[in-house]
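The opening residue of the sequence shown carries number 559 in the numbering used here; numbering runs sequentially from there.
Beta carbons are placed, not taken as given, at the ideal position from N, Cα and C, and that holds for glycine.
From a predicted model like this one, the values you see are computed outputs, not experimental measurements.
To keep things clear, I will list the structure first and then write my remarks on it.
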Amino acid sequence: MTEALQQLVLITLDEQGTIDDTRTLILPGQGQPATSNDDQITILGVLNSLLSREMITYETHEVLSHALTPEGVQIVDKGSHEARVWSVLPEKGKGTPVNPAELKQLVGDETAKVGQGRAFKNGWIGKEGAGLVKSITQIIDTTKNDMQEVASTGTLKAGEKVLADLRKRKLITQRKGQWFTVNKGPNFSTSAAKPETDLTVDMLASGAWKTSTFKKYNFDAEGVPTNGGALHPLLKVREEFRNIFLEMGFAEMPTSSFVESGFWCFDALFVPQQHPARDLQDTFYISDPQKSLPPEPEYYKRVSRVHEHGDFGSTGYRAPWSHEESSKLLLRTHTTASSAHILYKLAAKCRGETVEGDEQEYTHGAKSTTSLGAEGDDGFRPAKLFSIDRVFRNEAVDATHLAEFHQVEGVVADRGLTLADLIGFMRVFFKKMGIDKVRFKPAYNPYTEPSLEIFAFHPMLNKWVEVGNSGMFRPEMLEPMGFPKDVRVHGWGLSLERPTMIRYGINNIRTLVGHKNPIENIENSPAVMF
């Protein structure tokens, strides 16, 4: 069809010199002029193809036309509403008048409703008693005649006023059409053969390139826009958390140790070796290698003693200590294992020891007096530390749980801290996230006492939701590290996935991090929290 139409345009131009109106063209296989808008759209595609080869030039002419709506088509077939109402009524004085209810049964609700008013207005019908009768014996259905004229010509000789009335009655719709005037171009030819787009080895070898016509490069054509990189919603919310911590004077802890020993992940935190969290059902253990290198011997002895026999004012768990359990390698179940490493190094000066790189461990090389405070006579130095990284738990995957997720953790170490300090700090921290309504509920954690679960009221969900866990680290954890007795440490943690899902209205965590998350969602997600 396209090649035949191209040939038709070129031959017509060759014979006539110009095509004044493309609506006069007889399209191949149709046998009638191309008067419809669809025909002109087809012709436009052919003209643009020839124009790109400079074989023709053309001018566009716009024209307004009208088409019938489904109701207009029905009027052409059955007559106007008013004519149908008139046709079912008896002549005045020659029959029983038709009441409105009977009229609806004869012509239908819509026709009766619309037709009565227009028939009265035209003087075609009148009332007789409680019913309706014909007022005249003959009518001219002007509306039907107008519809037939619009259907055949796209317009009306009666003028714009009548067309406007028909549009208002939704019997016709206005549409824009176009037609074209076509002239010869600088490369005009009656041959519609496409120019070559590539110079091939065969053309060079045979010399065919000398007589071939090549398509010109369009140096003004715009290339396909390249997509820039976009942060995942998790990373956007992570940056919000990170900025809040940095604004409050915290230093970021390193958390690159995904594999930890049972000692640092559990024992150093005063988690009993018989705790259910250490079972295979809850923790991923490493099969090769199975055991870790031993920790510092004296610290290991203090930790094992406080577990098995008690010390530092505690009776301990009074359960046999297992070196094998302590040396197992595992994927860390919380970033508190990394916090334990840093707290142990922070307590080094209190023990009168020097741990190489201890300060850099929790400041990333930047000496921050704002976050770490001034050193005391006993070597203790206050600290405010945070981390955001992945943890792993052997959980069944469902809409709200994955075996791998992110934990946001904060630690504040100073002298004389109280539970009231922790609650006050939590209120400020969550307010910076946009959460004003916060509640605290007593809870149990092996390594914090007292412990608090944190709940926040979310207006989008219209309910209180748990957003984190917190508490004050136990003396059984801190004093074996070497901290003075008056040093207290606040600790709290929350997930990164839950606030991200709430922020972006996601109800299935697998949609957030899985293959079902469209790239458009990642590119268009705003980098703002609550």
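Straight-line gap, residue i to residue j (C-alpha atoms, nearest Å)
i, j, result
"residue 767", "residue 580", "36 Å"
"residue 920", "residue 775", "Here residue 920 scores only 49 on pLDDT, less than 50, and its place in the model is too uncertain to base an answer on."
"residue 806", "residue 1011", "22 Å"
"residue 961", "residue 786", "31 Å"
"residue 917", "residue 813", "Only weak support is given to the placement of residue 917: the predicted model assigns it a pLDDT of 45, under 50, and the question is left unresolved by the model."
"residue 714", "residue 1076", "52 Å"
"residue 741", "residue 568", "10 Å"
"residue 745", "residue 783", "33 Å"
"residue 801", "residue 1019", "26 Å"
"residue 969", "residue 1051", "9 Å"
"residue 621", "residue 588", "23 Å"
"residue 641", "residue 593", "32 Å"
"residue 630", "residue 729", "5 Å"
"residue 761", "residue 611", "21 Å"
"residue 578", "residue 721", "28 Å"
"residue 869", "residue 1034", "8 Å"
"residue 618", "residue 596", "15 Å"
Identity of the residue in the options nearest residue i by Cα
i, options, result
"residue 643", "1047, 583 and 665", "665"
"residue 652", "739, 686, 662 and 620", "686"
"residue 848", "854, 656, 1008 and 888", "888"
"residue 873", "897, 836 and 828", "828"
"residue 601", "584, 863 and 692", "584"
"residue 691", "976, 699 and 681", "681"
"residue 739", "646, 575 and 662", "575"
"residue 810", "875, 640, 799 and 818", "799"
"residue 650", "636, 694, 614 and 668", "694"
"residue 676", "689, 654, 660 and 699", "699"
"residue 952", "841, 733, 1079 and 722", "841"
"residue 903", "937, 764, 720 and 876", "937"
"residue 1082", "657, 603 and 789", "789"
"residue 900", "823, 851 and 683", "823"
"residue 950", "761, 1053 and 725", "1053"
"residue 1046", "646, 905 and 834", "905"
"residue 626", "834, 710 and 595", "710"
"residue 1004", "850, 871 and 875", "875"
Beta-carbon contacts of residue i that lie in its chain and below 8 Å, excluding the five residues immediately before and after
i, result
"residue 1006", "1028, 1029, 1030, 1031, 1032 and 1049"
"residue 928", "Model confidence at residue 928 stands at a pLDDT of 37, short of 50, so the residue's coordinates are unreliable; what they give is reported in the following sentence. The answer, listed in chain order, is 807."
"residue 1013", "996, 997, 998, 999, 1022, 1023, 1024 and 1025"
"residue 879", "831, 862, 865 and 866"
"residue 815", "890, 895, 896 and 899"
"residue 726", "none"
Cβ-based burial, residue i [other Cβ within 10 Å; buried from 16]
i, result
"residue 986", "exposed"
"residue 563", "buried"
"residue 894", "buried"
"residue 1025", "buried"
"residue 820", "buried"
"residue 942", "buried"
"residue 598", "buried"
"residue 867", "exposed"
"residue 748", "exposed"
"residue 965", "buried"
"residue 837", "exposed"
"residue 718", "exposed"
"residue 1061", "buried"
Backbone secondary structure at residue i - three-state DSSP
i, result
"residue 831", "coil"
"residue 576", "strand"
"residue 698", "coil"
"residue 1066", "coil"
"residue 878", "coil"
"residue 954", "coil"
"residue 732", "strand"
"residue 628", "helix"
"residue 739", "strand"
"residue 536", "Beyond the ends of the chain as shown, which are 559 and 1088, falls residue 536; an answer cannot be given."
"residue 663", "helix"
"residue 586", "coil"
"residue 783", "coil"
"residue 1006", "strand"
"residue 775", "coil"
"residue 615", "strand"
Neighbour flag for residue i against chain C, beta carbons, 7 Å
i, result
"residue 943", "Looking at the structure shown, chain C is missing, and only one protein chain is on hand."
Other residues of its chain near residue i: CB distance less than 6 Å, five sequence neighbours each side excluded
i, result
"residue 1074", "none"
"residue 845", "none"
"residue 662", "670"
"residue 566", "none"
"residue 982", "none"
"residue 614", "608, 740 and 743"
heavy atom of the ligand FAD below 6 Å from residue i C-beta
i, result
"residue 884", "Of ligands this structure carries none, so the ligand FAD is not represented either."
Cβ neighbours of residue i in the same chain (closer than 7 Å, five flanking residues each side left out)
i, result
"residue 977", "1008 and 1030"
"residue 633", "701, 702, 705 and 729"
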